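Student:
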Amino acid sequence: MQAQNARQNALQNPEVFWAEQAAQIDWYKKPTQILQENSDGTHRWFADGELNSCFLALDRHVAAGKGNRIALIYDSPVTDTRKTYTYQELLDAVALFAGALKAQGVGKGDGVIIYMPMVPEAGIAMLACARLGAVHSVVFGGFAPHELAVRIDDSKPKLVLTASCGIEFTKVIEYKPLVDAAIEEASHKPEKVILLQRPQARAQMQAGRDLDWYDIQQDVQPADCVPVAATDPLYIMYTSGTTGKPKGVLRENGSHAVALNFALRNVYNMQDGDVWWGISDIGWVVGHSFIMYGPLMGGCTTVFYEGKPVRTPDAGAFWRVIQDYGVNGIFCAPTAFRAIRKEDPEGALFRQYDVSSLKHIFVAGEKLDSPTYHWLREMSQKPVFDHWWQTETGWPVTAPLTGMGEDELRVGSTNRGVPGYDVQVLRPDGSQADPGEMGSIAIKLPLPPGVAQTLWGDHERYLKSYLGTFPGYYHTGDGGYIDQDGFVYIMGRTDDVINVSGHRLSTGEMEEVVATHPAVAECAVIGVSDELKGQLPVGLILLKDGADISPAQLEKELVALVREKIGALACFQKALVVKRLPKTRSGKILRAILRKIAEGEDYAPPSTIDDLSILPEIGESLKAAGILKN
Numbered sequence: 001m002q003a004q005n006a007r008q009n010a011l012q013n014p015e016v017f018w019a020e021q022a023a024q025i026d027w028y029k030k031p032t033q034i035l036q037e038n039s040d041g042t043h044r045w046f047a048d049g050e051l052n053s054c055f056l057a058l059d060r061h062v063a064a065g066k067g068n069r070i071a072l073i074y075d076s077p078v079t080d081t082r083k084t085y086t087y088q089e090l091l092d093a094v095a096l097f098a099g100a101l102k103a104q105g106v107g108k109g110d111g112v113i114i115y116m117p118m119v120p121e122a123g124i125a126m127l128a129c130a131r132l133g134a135v136h137s138v139v140f141g142g143f144a145p146h147e148l149a150v151r152i153d154d155s156k157p158k159l160v161l162t163a164s165c166g167i168e169f170t171k172v173i174e175y176k177p178l179v180d181a182a183i184e185e186a187s188h189k190p191e192k193v194i195l196l197q198r199p200q201a202r203a204q205m206q207a208g209r210d211l212d213w214y215d216i217q218q219d220v221q222p223a224d225c226v227p228v229a230a231t232d233p234l235y236i237m238y239t240s241g242t243t244g245k246p247k248g249v250l251r252e253n254g255s256h257a258v259a260l261n262f263a264l265r266n267v268y269n270m271q272d273g274d275v276w277w278g279i280s281d282i283g284w285v286v287g288h289s290f291i292m293y294g295p296l297m298g299g300c301t302t303v304f305y306e307g308k309p310v311r312t313p314d315a316g317a318f319w320r321v322i323q324d325y326g327v328n329g330i331f332c333a334p335t336a337f338r339a340i341r342k343e344d345p346e347g348a349l350f351r352q353y354d355v356s357s358l359k360h361i362f363v364a365g366e367k368l369d370s371p372t373y374h375w376l377r378e379m380s381q382k383p384v385f386d387h388w389w390q391t392e393t394g395w396p397v398t399a400p401l402t403g404m405g406e407d408e409l410r411v412g413s414t415n416r417g418v419p420g421y422d423v424q425v426l427r428p429d430g431s432q433a434d435p436g437e438m439g440s441i442a443i444k445l446p447l448p449p450g451v452a453q454t455l456w457g458d459h460e461r462y463l464k465s466y467l468g469t470f471p472g473y474y475h476t477g478d479g480g481y482i483d484q485d486g487f488v489y490i491m492g493r494t495d496d497v498i499n500v501s502g503h504r505l506s507t508g509e510m511e512e513v514v515a516t517h518p519a520v521a522e523c524a525v526i527g528v529s530d531e532l533k534g535q536l537p538v539g540l541i542l543l544k545d546g547a548d549i550s551p552a553q554l555e556k557e558l559v560a561l562v563r564e565k566i567g568a569l570a571c572f573q574k575a576l577v578v579k580r581l582p583k584t585r586s587g588k589i590l591r592a593i594l595r596k597i598a599e600g601e602d603y604a605p606p607s608t609i610d611d612l613s614i615l616p617e618i619g620e621s622l623k624a625a626g627i628l629k630n
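In the UniProt record's numbering, the protein residues as written are 1 to 630.
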């Protein structure tokens with residue numbers, strides 16, 4: 001009842017609801033202007049408020065006597081390193097590094113690019129920028145030089161902060177040559193490169209431009225927090241754009257802090273002193289919202305992990321971390337659990353560890369297929385909640401409110417809308433779909449605090465990309481439906497709907513069925529053009545380790561399974577076993593690229609791809625199966 005009341009109150013009177021939430025964080029100047037709506041459909045939250053995000057994450061906890069509490073745990077199986085920071089120690093490190101940045105001329109409004117692996121210094125750098133009112137843009141360490149150059153030219157940073165290397169499993173990836181190549185290509189030239197030397201690979205320093213991470217901290221004074229307006233930018237997060245030019249999602253300080261505090265407490269039920277593990281990288285929005293800012297603002301201990309779900313050293317890695325630190329809640333992408341399931345299907349490694357501290361498991365980032373859900377639920381004996389959000393929203397759109405005692409779930413659904421989000425399904429003409437009817441997922445304006453209101457340096461693109469399709473709505477780009485009880489089902493991007501003989505069918509729904517086969521570890525279903533039927537679905541299948549079935553027999557069984565569960569109209573007749581599936585570094589399968597490969601179309605691999613060598617591999621497999629066009 002409490003959860004439902006919160007949803008109703010947030011939609012019926014958003015100003016009152018969010019004023020109450022804003023009162024729960026510390027402001028230098030409390031806002032009186034809660035919501036201002038602009039003529040173009042955008043809006044401003046807490047416009048006259050002043051605060052500092054670093055103060056909320058660190059200083060206020062130390063001032064409240066919690067300086068000895070563990071703030072951050074660094075666990076790096078790839079370097080066999082463990083380290084902890086108390087709130088006082090983290091504050092001291094951040095204030096000193098902020099002082100070093102200040103000495104290099106960084107001030108309020110200046111841009112800083114952070115191109116680093118998952119080491120504590122990367123998180124310290126983020127908070128140091130926030131402390132000064134500088135705008136940070138974290139670029140996933142290891143991105144190709146061209147992609148980094150594009151981001152340098154777009155954000156025009158004063159400094160680039162980097163490390164000598166990152167580590168992927170046992171492979172050392174040197175970052176400095178990538179940074180040098182990016183700056184060489186970029187039109188904008190950052191004034192300095194500040195480099196963290198790691199023992200796994202020492203980098204060459206360029207005289208006059210490059211500075212050592214720790215050398216610049218000598219003989220400088222720790223910096224105080226700089227008050228900023230609620231509407232001042234905190235960070236730019238680049239996300240892939242359809243034009244090839246990445247979109248710089250801009251996050252504001254005030255609404256971001258209010259939204260994260262609400263989500264941490266009410267969605268994830270993480271309370272003061274709890275141990276939280278956002279299993280991601282700071283290069284992604286999850287790393288910003290729920291590795292660094294959210295948990296620390298909420299007085300939690302956050303786990304900072306440099307490793308993988310498997311092979312660092314094995315598929316028991318996650319469970320070991322949960323046991324070692326008494327983790328109370330986790331957030332992870334489904335693909336990580338699919339990788340663990342593939343290598344430890346019977347849970348032998350899981351049973352070696354005590355995960356009783358865990359309240360629940362949250363997953364997001366890609367559709368949680370029902371086989372993975374049931375495996376994880378039965379093995380862990382913990383509630384497993386699928387939920388949904390985007391880089392642009394910065395925090396959950398649909399999720400259970402576990403902090404309000406809500407634990408209802410429906411397999412296949414990402415739950416109901418979170419307070420503040422009026423989630424609807426629209427037909428192509430903008431009319432509201434009926435319960436159970438597939439359509440475009442949209443959010444009625446105004447959007448709640450925390451959601452991006454513009455793109456860095458390109459407001460028109462924001463308006464066109466998000467507010468232009470359905471007037472009065474934010475268009476998410478995802479398709480799905482809402483059932484009669486308000487539970488939202490995300491079936492994939494709207495371009496993951498194919499047209500077979502006039503029937504609009506969801507490839508996500510077919511994937512859900514294919515994934516139930518006991519031999520299937522992971523799958524992608526794509527549509528390929530067909531002269532007779534318009535489009536036909538093709539399944540690309542990754543087998544579980546040790547699966548004993550021939551490709552021909554598997555295809556036969558999958559065809560029968562889809563026919564039984566969806567019907568003959570799906571025309572699912574092709575299932576191809578592949579060694580790997582192309583993914584982003586965050587684990588999302590690149591279905592759009594798969595479609596272009598199958599159609600023989602030109603494509604530009606996205607900057608987020610994990611391994612380029614998979615693409616020609618897939619092309620050869622499709623060609624051998626007679627699926628590849630042209």
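Using N, Cα and C, we set each Cβ at its ideal position, and we do this for glycine too.
If you're wondering where the values come from, they're calculated on a predicted model, not measured in any experiment.
Apply the 10 Å Cβ neighbour rule to residue 243 and answer buried if 16 or more other Cβ atoms are within range, or exposed otherwise.
Tutor: Low confidence applies to residue 243: its pLDDT is 49, below 50, so where it sits in the model is not reliable, and the reading given next is rough at best. The residue is exposed, with fewer than 16 neighbouring Cβ atoms inside 10 Å.
Student: Do residue 71 and residue 90 count as a contact pair if the criterion is CB distance below 7 angstroms?
Tutor: Yes. Within cutoff.
Student: On the DSSP bridge assignment, give the partners of residue 473 in chain order.
Tutor: According to DSSP, residue 473 bridges with 444.
Student: Please say whether residue 330 and residue 279 have beta carbons closer to each other than 7 angstroms?
Tutor: Yes, these two residues count as a Cβ contact at 7 angstroms.
Student: What three-state label does DSSP hand residue 136 in the structure shown?
Tutor: Residue 136 falls in the strand class under three-state DSSP.
Student: Does the Cβ of residue 12 have 16 or more other Cβ atoms within 10 Å, making it buried, or fewer, making it exposed?
Tutor: So residue 12 counts as exposed.
Student: Assign residue 36 to one of three DSSP states: helix, strand, or coil.
Tutor: Strand at residue 36.
Student: How many angstroms separate the CA atom of residue 620 from the CA atom of residue 614?
Tutor: Taking the straight line joining both Cα atoms gives about 10 angstroms.
Student: CB-CB under 7 angstroms to residue 522, same chain, minus the five flanking residues each way: which ones, in chain order?
Tutor: If we look at residue 522 and ignore the five residues flanking it on each side, its Cβ neighbours are 338, 542 and 581.
Student: Helix, strand or coil: how does DSSP classify residue 194 here?
Tutor: Note: residue 194 maps to strand in three-state DSSP.
Student: Tell me which residues share the same chain as residue 187 and place their Cβ nearer than 7 angstroms to its Cβ, disregarding the 5 neighbours each side in the sequence.
Tutor: Contacts found: 153.
Student: Looking only at C-alpha atoms, which of 266, 273 and 260 sits nearest to residue 287?
Tutor: The option with the nearest alpha carbon to residue 287 is 260.
Student: Where are the beta strand (DSSP E) runs, 3 residues long or more, that stay fully inside the region 51 to 90, in chain order?
Tutor: Whole beta strand (DSSP E) segments, 3+ residues: 70 to 76 and 81 to 86.
Student: Specify the secondary structure class of residue 124 as computed by DSSP and reduced to three states.
Tutor: Helix.
Student: Along the chain, where does the alpha helix (DSSP H) that runs through residue 530 open and close?
Tutor: Note, residue 530: premise wrong, no alpha helix (DSSP H); beta strand (DSSP E) at 520 to 530.
Student: For residue 93, does the three-state DSSP call read helix, strand or coil?
Tutor: Note: residue 93 maps to helix in three-state DSSP.
Student: By DSSP's criteria, residue 233 is part of a beta bridge. Which residues make up the other side?
Tutor: In the DSSP output, where bridge partners are listed per residue, residue 233 has 252.
Student: If residue 481 sits next to residue 436, beta carbons under 8 angstroms apart, how far is it from one beta carbon to the other, in whole angstroms?
Tutor: Indeed they touch by this definition, with Cβ atoms about 6 angstroms apart.
Student: Who are residue 541's beta bridge partners in DSSP?
Tutor: BP columns for residue 541 point to 523 and 577.
Student: If you follow the alpha helix (DSSP H) that residue 17 is part of, which residue opens it and which one closes it?
Tutor: Where residue 17 is concerned, the enclosing alpha helix (DSSP H) stretches over 14 to 22.
Student: Once the 5 residues before and after residue 174 are set aside, which same chain residues still bring their CB inside 8 angstroms of it?
Tutor: Excluding sequence neighbours, residue 174 sits near 164, 165, 201 and 203.
Student: Do residue 512 and residue 525 have their C-beta atoms closer together than 7 angstroms?
Tutor: No. Outside cutoff.
Student: Would you call the region 293 to 309 and the region 269 to 284 touching, i.e. three or more CB-CB distances under 8 angstroms?
Tutor: At 8 angstroms Cβ cutoff, the stretches touch.
Student: Can you name, in chain order, every residue of its own chain whose Cβ lies under 6 angstroms from the Cβ of residue 305, other than the five neighbours on each side?
Tutor: Excluding sequence neighbours, residue 305 sits near 75.
Student: Determine, using beta carbons only, whether residue 106 and residue 160 come nearer to each other than 7 angstroms.
Tutor: No, the Cβ-Cβ distance between residue 106 and residue 160 is not below 7 angstroms.
Student: Residue ranges of each alpha helix (DSSP H) run of no fewer than 4 residues wholly in the region 549 to 610, ordered along the chain?
Tutor: List check, alpha helix (DSSP H) in window: 551 to 565 and 591 to 599.
Student: Hey, residue 415 and residue 387: beta-carbon distance below 7 angstroms or not?
Tutor: Yes, they are a contact pair.
Student: In angstroms with no decimal places, state the Cα-to-Cα distance between residue 423 and residue 214.
Tutor: When rounded, the distance between both Cα atoms is 48 angstroms.
Student: Going straight from the alpha carbon of residue 238 to that of residue 325, what length do you get?
Tutor: Answer to the nearest angstrom: the Cα atoms are 32 angstroms apart.
Student: Bridge partners for residue 44 per DSSP, in chain order?
Tutor: Looking at the DSSP assignment, residue 44 forms a beta bridge with 36.
Student: Tell me, to the nearest whole angstrom, how far the beta carbon of residue 548 is from that of residue 585; I am working on the premise that it is less than 8 angstroms.
Tutor: Not confirmed; about 32 angstroms, so no contact.
Student: Indicate the three-state DSSP secondary structure (helix, strand or coil) for residue 225 in the structure shown.
Tutor: DSSP places residue 225 in coil when its eight states are reduced to three.
Student: Counting beta carbon pairs with one atom in the region 130 to 147 and one in the region 43 to 63, are three or more of them shorter than 8 angstroms?
Tutor: A contact exists between the region 43 to 63 and the region 130 to 147.
Student: Taking C-alpha atoms, which residue in 308, 103, 559 and 485 lies nearest to residue 719?
Tutor: One cannot answer for residue 719 here, as it falls past the ends of the chain, which runs 1 to 630.
Student: Note down the Cα distance separating residue 220 from residue 92, rounded to an integer number of angstroms.
Tutor: Cα-Cα distance, rounded: 13 angstroms.
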